[in-house]
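Trainee: Below: one structure in structure tokens.
Numbering (the working numbering), first residue to last: 103 to 440.
Shown next as structure tokens:
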């Protein structure tokens, strides 16, 4: 389903980009991580991440589910591969791309190529896009949401665009964290697709968000676009000179109350988060099933400055289908019916 964000590319153009990218990497060292996406074993996708930069490889280790022993590594055969080469750019007149930056996917080859950008979020969202295609074919709803649950198994989902509060609201110290961004909903319940968190940390407060703040200062955490003092090596989470979209990538286990198996029961509460730039929505509203379905499909919200390309300091009204239109491959009704 081709919407506002995704565009088709000819198979021969994809092949040409792939061929030139392989030539570009000839004789260079690359970093490879074999991992999985999907905490529920029946729907787990073996993934391989090939990256030009070492920190992208660490990002993949933080964000995805790692094999637990040598046998799992030896038996790992990737069903989906992502190749990330930020210093390789497309040539628009030849490659039929809009800019030198590209994220192109071939579902038949189960291959994604990323070039012209070092933004690590493209890695996780490429795998998520693949699962947004594969999981519904197995009767599983893929969701751009965070999830947590209480001690008695009361599960809650938080849908919303990037920067609307999914990570913050799900990191409740009184509830177990299932995941902060991407989930599947099967007949058995909710499961996390990842094994890490990718939190926006601009002006992060140790008092308001202590769990995320502490995790962002731990060894092994990847800080992206964060300014630091080159002498003292102290980070400044209030400095937005590079971008407002400063990020912290850390393993889920860095959150003390994380649910070990990254799975929960069927949700008792579903919250649709919206950045209401015009104030047309009430602060909180209980929706009927039909109203919830309508709002889920329409996805009224705003693009938040710093998390979307071309967006300034002020939010811009948008309608993002399923609160994740760029990643939804099937027609919106496929996800709505699930």
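Every residue, glycine too, gets a C-beta built ideally from N, C-alpha and C.
Considering residue 396, what are the terminal residues of the alpha helix (DSSP H) in which it resides?
Mentor: Unbroken alpha helix (DSSP H) run through residue 396: 391–400.
Trainee: Under a three-way DSSP split, which group does residue 305 fall into?
Mentor: Here residue 305 sits in coil by DSSP.
Trainee: My understanding is that residue 269 touches residue 314, with C-beta atoms under 8 Å, so please give their C-beta distance in whole angstroms.
Mentor: Indeed they touch by this definition, with Cβ atoms about 7 Å apart.
Trainee: Who are the Cβ neighbours of residue 338 in its own chain at under 6 Å, not counting the five residues just before and after it?
Mentor: Excluding positions up to five away in sequence, the list reads 329.
Trainee: Compute the distance between the beta-carbons of residue 370 and residue 256, then report whether it is under 8 Å.
Mentor: Yes, the Cβ-Cβ distance between residue 370 and residue 256 is below 8 Å.
Trainee: According to DSSP, is residue 135 helix, strand or coil?
Mentor: Residue state, collapsed to three classes: strand.
Trainee: In angstroms with no decimal places, state the Cα-to-Cα distance between residue 304 and residue 150.
Mentor: So the alpha carbons of these two residues sit roughly 30 Å apart.
Trainee: Using only the heavy atoms of the ligand NAP, determine whether one of them is closer than 7 Å to the beta carbon of residue 268.
Mentor: As presented, the structure is devoid of all ligands, the ligand NAP included, so that no description of it is given.
Trainee: Going by alpha carbons, who is nearest to residue 249 out of 283, 140, 431 and 390?
Mentor: Comparing Cα-Cα distances from residue 249 to each of 283, 140, 431 and 390, the minimum goes to 283.
Trainee: Helix, strand or coil for residue 362 per DSSP?
Mentor: In the structure shown, residue 362 sits in coil (DSSP, three-state: anything other than H, G, I, E or B).
Trainee: Exposed or buried, residue 158, counting other C-beta atoms within 10 Å across all chains shown (16 or more means buried)?
Mentor: By the neighbour-count rule (16 or more Cβ atoms within 10 Å), residue 158 is buried.
Trainee: State the start and end residues of the unbroken beta strand (DSSP E) segment that holds residue 206.
Mentor: From DSSP, the beta strand (DSSP E) with residue 206 extends over 204–208.
Trainee: For the alpha helix (DSSP H) containing residue 148, name the first residue and the last one.
Mentor: Segment 147–153 is the beta strand (DSSP E) holding residue 148; no alpha helix (DSSP H) there.
Trainee: Give me the Cα-Cα distance between residue 392 and residue 425, rounded to the nearest whole angstrom.
Mentor: Their backbone Cα atoms lie some 17 Å apart in a straight line.
Trainee: In chain order, what residues of the same chain have a beta carbon less than 8 Å from the beta carbon of residue 298, not counting five sequence neighbours either side?
Mentor: Same-chain partners within the cutoff: 164, 165, 166, 351, 352, 353 and 354.
Trainee: Using the DSSP secondary-structure output, state which residues sit across from residue 294 in a beta bridge.
Mentor: Beta-bridge pairing links residue 294 to 285.
Trainee: Are the CB atoms of residue 141 and residue 261 nearer to each other than 8 Å?
Mentor: No, the pair does not count as a contact, with Cβ atoms beyond the cut-off.
Trainee: For the beta strand (DSSP E) containing residue 217, name the first residue and the last one.
Mentor: Residues 213–217.
Trainee: Who are the Cβ neighbours of residue 368 in its own chain at under 6 Å, not counting the five residues just before and after it?
Mentor: If we look at residue 368 and ignore the five residues flanking it on each side, its Cβ neighbours are 291.
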